[in-house]
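Residue numbers (my numbering): 2 to 396. All C-beta atoms, glycine included, are put in the ideal place defined by N, C-alpha and C. As the structure is a computational prediction, the values presented were derived from the model and not from experiment.
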């Protein structure tokens, strides 16, 4: 018995570490964006197209998580390795394909790990998904530091940008290469199947359609996260902040999200009505983005980023849970992927057109304000059926 318990702990530990790594890897493109723009002499519109390619293609990764999940993890890890290497050595035009491949691999890896744990430990499914949610946020908080720490004290020349970007992405590739081998050799288990997924498919198509306000909220939740996370480092850098503030702003954004997810997994938070949590979160997101644009300097940038992360943490899980109560299908996840790809693209496009990234970040600010209004007027769509906030967050 003790041998079986130790084997489960070892397998969980590896999967948690791998999921932390996906958090680091997913935030690296946004953290490295200033270097990548210098490297390829790109304007903000092309930078937005880079982020669009990353998130848009990546959103399809979940559809390919099939068969034995340990092999699916391996496929995602291999695609991530190829994407990281291609991105590190890509040219100006091949960068779009490279970053798309990188995003596809990460999406497939994250989905496959989630399904692997869910299928292997069905009696602990909610607990395992909660832990994955939290450890991913740890990785996301570490990502900006991992990406930018070696630029300290030096001006970013084009040659330095090329070398540094390759160095970081090579490290990502090495880790995921190890993860691919590990998942095939060490994670092989005849007990891992797709029974849970098949059971879930039996419920697809049941229930009424998802109300359009919820679809807008899902679109906005991922879009604001992606736009703010993708452009925050560039925004802080252009505001003339020090490297410490530049790294700190992105780090505080994801730390805030981590703290928020921990808080909303407590018994105290489980007693809060969903609508109240969402309403206060939307208002705080709007206020944080407004502060970020009104006073883009020093410690205020870090404070605004932290508040934004704190506010955004519970939003996506809650609106997804509310949507799935109406109808269980893949539409909501497709809408989430579209939001995560469109808003960063629109932010870069507006920034390039107005020659002001501050103006471009008005896009996620407007999205957050619209979401706050929708929460206020769409009570029926957000009403739960006996489900607590904590259950929505981890379900």
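Item                                                                                                                                                                                          : Value
Would you mind sorting residue 228 into buried or exposed? The rule is 16 or more other CB atoms within 10 Å of its CB.                                                                       : buried
So, are the CB atoms of residue 311 and residue 257 less than 7 Å apart?                                                                                                                      : yes
On the CB-based measure, 16 or more other CB atoms within 10 Å of its CB, does residue 182 come out buried or exposed?                                                                        : exposed
When burial is assigned at 16 or more other CB atoms within 10 Å of the CB, is residue 1 buried or exposed?                                                                                   : Since the first residue shown for the chain is 2 and the last is 396, residue 1 is missing from the structure and cannot be characterised.
Quick check on residue 264: buried or exposed, where buried means 16 or more other Cβ atoms within 10 Å of its Cβ?                                                                            : exposed
So, residue 52 versus residue 107, is the Cβ gap smaller than 7 Å?                                                                                                                            : no
For the alpha helix (DSSP H) holding residue 286, just list the boundary residues, first then last.                                                                                           : 275 to 295
According to the neighbour-count rule (16 or more other Cβ atoms, all chains shown, within 10 Å of its Cβ), is residue 93 buried or exposed?                                                  : exposed
Using the Cα positions of residue 296 and residue 239, report the straight-line distance between them to the nearest angstrom.                                                                : 13 Å
Could you check whether the stretch 62 to 76 touches the stretch 274 to 293, counting it as contact only if at least three pairs of C-beta atoms, one from each stretch, sit closer than 8 Å? : no
Under a Cβ-count criterion, where at least 16 other Cβ atoms within 10 Å of its own Cβ denotes burial, should residue 44 be classed as buried or exposed?                                     : exposed
Could you tell me the alpha carbon to alpha carbon distance between residue 60 and residue 301, rounded to whole angstroms?                                                                   : 33 Å
Can you list, in chain order, the residues of its chain whose CB lies under 7 Å from that of residue 359, leaving out five sequence neighbours each side?                                     : 294 and 297
Once you ignore the five residues that flank residue 269 on each side, which residues in its own chain have a CB closer than 6 Å to its CB?                                                   : none
Under the three-state reduction of DSSP, which class applies to residue 111: helix, strand or coil?                                                                                           : helix
Check whether the stretch 83 to 92 and the stretch 371 to 378 are in contact - that is, three or more C-beta pairs closer than 8 Å.                                                           : no
Taking residue 54 as the reference, which of 254, 345, 320 and 179 has the closest Cα?                                                                                                        : 345
State the DSSP-derived secondary structure class of residue 400, mapped to helix, strand or coil.                                                                                             : This structure does not reach residue 400, given that the chain is present from 2 up to 396, and the question cannot be answered.
Below 7 Å CB to CB, which residues in the same chain sit around residue 167 once its five sequence neighbours on both sides are set aside?                                                    : 89 and 90
CA-CA distance, residue 343 and residue 57?                                                                                                                                                   : 8 Å
Am I right that residue 307 and residue 220 are in contact with their C-beta atoms under 8 Å? What's the rounded C-beta distance?                                                             : 24 Å between Cβ atoms; not a contact.
For a quick check, are the C-beta atoms of residue 235 and residue 35 less than 7 Å apart?                                                                                                    : yes
Tell me which same chain residues have a C-beta within less than 6 Å of the C-beta of residue 250, skipping the five on either side of it?                                                    : 233, 237, 302, 303 and 306
Between which two residues does the alpha helix (DSSP H) carrying residue 60 extend?                                                                                                          : That residue, residue 60, is in no alpha helix (DSSP H); it is neither H nor E in DSSP.
Could you work out which residue in 98, 299 and 139 is closest to residue 400 when comparing CA atoms only?                                                                                   : As shown, the chain starts at 2 and ends at 396. That puts residue 400 outside it, with no answer to give.
What's the call for residue 186, buried or exposed, on a 16-neighbour Cβ count within 10 Å?                                                                                                   : exposed
Under the rule that 16 or more other beta-carbon atoms within 10 Å means buried, what is residue 175, buried or exposed?                                                                      : exposed
So, residue 309 versus residue 291, is the Cβ gap smaller than 7 Å?                                                                                                                           : no
Classify residue 314 as helix, strand or coil using the three-state DSSP reduction.                                                                                                           : coil
Count the other C-beta atoms from every protein chain shown that fall within 10 angstroms of the C-beta of residue 17, then say buried if there are 16 or more, exposed otherwise.            : buried
Is residue 346 helix, strand or coil by DSSP?                                                                                                                                                 : helix
So, helix, strand or coil for residue 255, using DSSP?                                                                                                                                        : helix
Report the rounded CA-to-CA distance for residue 114 versus residue 177, giving the unit in angstroms.                                                                                        : 13 Å
Which class does residue 230 belong to by DSSP, given the choice of helix, strand or coil?                                                                                                    : helix
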